[in-house]
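Using the working numbering, read the sequence shown as starting at 1 and increasing by one per residue.
Everything below concerns the one structure shown next.
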Amino acid sequence: MQEKIKMNVPLVEMDGDEMTRVIWKDIKDVLITPYIDLKTVYFDLGIKKRDETEDQITIEAAEATKKYGVAVKCATITPNAQRVEEYNLKQMWKSPNGTIRAILDGTVFRGPILVKNIKPFVKTWEKPITIARHAYGDIYRDAEMIVGKKGKAELVFAGEDGQVQKELIHDFEGPGILLGMYNLDKSIASFARACFNYALDREEDLWFATKDTISKKYDHRFKDIFQEIYDKEYKEKFEAAGIEYFYTLIDDAVARVIRSSGGFIWACKNYDGDVMSDMVATAFGSLAMMTSVLVSPEGYYEYEAAHGTVTRHYYRYLKGEKTSTNPVATMFAWTGALRKRGELDKNDDLVRFADKLEKAALNTIEAGIMTKDLALLAEGDKQIVNTMEFLEEVNERLKKSL
Ligand code: NAP
Ligand code: MG
Numbered sequence: 001m002q003e004k005i006k007m008n009v010p011l012v013e014m015d016g017d018e019m020t021r022v023i024w025k026d027i028k029d030v031l032i033t034p035y036i037d038l039k040t041v042y043f044d045l046g047i048k049k050r051d052e053t054e055d056q057i058t059i060e061a062a063e064a065t066k067k068y069g070v071a072v073k074c075a076t077i078t079p080n081a082q083r084v085e086e087y088n089l090k091q092m093w094k095s096p097n098g099t100i101r102a103i104l105d106g107t108v109f110r111g112p113i114l115v116k117n118i119k120p121f122v123k124t125w126e127k128p129i130t131i132a133r134h135a136y137g138d139i140y141r142d143a144e145m146i147v148g149k150k151g152k153a154e155l156v157f158a159g160e161d162g163q164v165q166k167e168l169i170h171d172f173e174g175p176g177i178l179l180g181m182y183n184l185d186k187s188i189a190s191f192a193r194a195c196f197n198y199a200l201d202r203e204e205d206l207w208f209a210t211k212d213t214i215s216k217k218y219d220h221r222f223k224d225i226f227q228e229i230y231d232k233e234y235k236e237k238f239e240a241a242g243i244e245y246f247y248t249l250i251d252d253a254v255a256r257v258i259r260s261s262g263g264f265i266w267a268c269k270n271y272d273g274d275v276m277s278d279m280v281a282t283a284f285g286s287l288a289m290m291t292s293v294l295v296s297p298e299g300y301y302e303y304e305a306a307h308g309t310v311t312r313h314y315y316r317y318l319k320g321e322k323t324s325t326n327p328v329a330t331m332f333a334w335t336g337a338l339r340k341r342g343e344l345d346k347n348d349d350l351v352r353f354a355d356k357l358e359k360a361a362l363n364t365i366e367a368g369i370m371t372k373d374l375a376l377l378a379e380g381d382k383q384i385v386n387t388m389e390f391l392e393e394v395n396e397r398l399k400k401s402l
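Right under this line is the structure:
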């Protein structure tokens, strides 16, 4: 056996829930710790621990990411009423991803993991479409209210200088609902810069879309900030690189995306990015074949899978069934984090290992060996395997390449 690859600086490891928690450990046991002298600072973001610590553990994990720079996160349960009952929770804790993003700020880039034997549902898509999701504010940090009776709702801003701005929202005749949300110029500007930089990095066009015709102040502000920063800081660089930035309405963007051949970055506001990345991922094949990384303006990175905790598979696992859950996205979260750690620490062995592990996974699928979700999509010969068998097949190929 070769000597294990050393790490100088630890990764921040955020464990999670259900099926992905099971896969998390399997990936480490089969594909990582046999080859790497793995150093991590471990945070258990599983729902029990979050409940036990009043969600402090999530905040600590985000703070640790600021300290060490690179994190890898397992999918976690975002509690709803049903989960509160299922896990007997003290409270309906906020989305851990929402909490982490609020602390780190930044932009989430999500792109498909392409393999030769899976063709996108959209026939014209030849190249990947990367979604850049603003990861701060809007409905993920909103205040909501259920209104039970007749009355007036107003938007009120009390300036520190004593000045008050007021706007009527609605004169309620009866029961209804209310929502207040916000964003910050600073966060929008760093979102814009992250997108422009990423586009230059990949030499791909950047598209941005909102609903500024309806949201004449809120969405319009996003549009203006992007344009100002583009004109001042990026226009020349884009022209030199032969790439384009363009803004359009979100409904127009959706139509154009479907007719496009791919190969661009689509910048989306927080909610649009949440929804559109699921759509784009599914159209490229599967949510389980999607990478996701949060890049903060200070240059902190958090890698995760784009899918959830795969609850339905977990319930089958609890009954003793071997499930065919696709571990690729979670694996790529690990390789993404290890590669970035390697780049930052000038640890070439770590970078090479990440490359080889990804290659081994793609080769396995291209050889026709895959989990059930992909078998429905793939062309040619295929052999459906369970998660552990898949990881072992990847390991066989990894061993040969090392
Ligand atoms: P999900 O876990 O992504 O799963 C939805 C369905 O998609 C699964 O039932 C499965 O379909 C398929 N799927 C997703 N990932 C797969 C994989 N790796 N391999 C094979 N099939 C896969 O979404 P959900 O059921 O809506 O949410 C479950 C929990 O995850 C919720 O508690 C939610 O809060 C949480 N969540 C967390 C994150 C995050 O931490 N980033 C993101 C989204 C959701 P079949 O059952 O048909 O096989
Ligand atoms: Mg989503």
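C-beta: ideal position from N, C-alpha, C; glycine also.
As the structure is a prediction and not an experimental result, all values here were calculated from the model.
- When distances are taken from the beta-carbon of Thr-78 to the heavy atoms of the ligand NAP, the shortest one is below 8 Å.
- Annotated three-state conformation of Ser-187 is helix, per DSSP.
- Between the ligand NAP and Ala-378, a heavy atom-to-CB distance of less than 8 Å is absent.
- Where Val-257 is concerned, the enclosing alpha helix (DSSP H) starts and stops at 250-259.
- The beta strand (DSSP E) runs of length 3 or more contained entirely in the region 36-64 are, from start to end of the chain, 40-44.
- Partner residues in the beta bridge of Val-108, as assigned by DSSP, are Arg-133 and Leu-294.
- Here DSSP, grouped into helix, strand and coil, assigns Cys-74 to coil.
- With a cutoff of 8 Å, Arg-312 counts as near the ligand NAP, since its C-beta is closer than that to a heavy atom of the ligand.
- Of the residues assessed, Phe-208 falls on the buried side of the cut-off, its CB having 16 or more other CB atoms within 10 angstroms.
- For Thr-210, there is no enclosing alpha helix (DSSP H); the enclosing beta strand (DSSP E) covers residues 205-210.
- Bridge pairing for Met-14: Phe-43 and Lys-73 [DSSP].
- Distance from the CA of Ala-132 to the CA of Gly-162, rounded to the nearest whole angstrom, comes to 38 Å.
- His-170 is bridged by DSSP to Ala-153.
- Not one heavy atom of the ligand NAP sits closer than 8 Å to the Cβ of Ala-209.
- Cβ-Cβ distances below 7 Å link Asp-272 to Ile-250 in the same chain, with the five nearest sequence neighbours on each side left out; the list follows chain order.
- Counting C-beta atoms within 10 angstroms of its own C-beta, Asn-8 has fewer than 16 neighbours from the protein chains shown and is therefore classed as exposed.
- Not one heavy atom of the ligand NAP falls within 8 Å of the beta-carbon of Gly-336.
- In the structure shown, Ile-243 falls within a coil segment according to DSSP collapsed to helix, strand and coil.
- In the DSSP assignment, Gly-273 falls within the unbroken alpha helix (DSSP H) covering 270-284.
- Minimum Cα-Cα distance from Ala-375 among the listed residues Glu-358, Val-70, Ser-296 and Asn-326 corresponds to Asn-326.
- One Cα belongs to Trp-266, the other to Lys-48, and the distance between them is close to 36 Å.
- Taking Lys-94 as reference, the option from Pro-79, Phe-157, Gly-106 and Lys-400 with the minimal CA-CA separation is Pro-79.
- In this model, Arg-316 and Phe-196 are separated by some 44 Å (Cα to Cα).
- The nearest non-hydrogen atom of the ligand NAP is 8 Å or more from the C-beta of Asp-44.
- Taking the Cα of Ile-103 as reference, the smallest distance to any Cα among Ala-64, Thr-76 and Gly-285 is reached at Ala-64.
- For the region 298-378, the full-length beta strand (DSSP E) segments reaching 3 residues or more read 301-305 along the chain.
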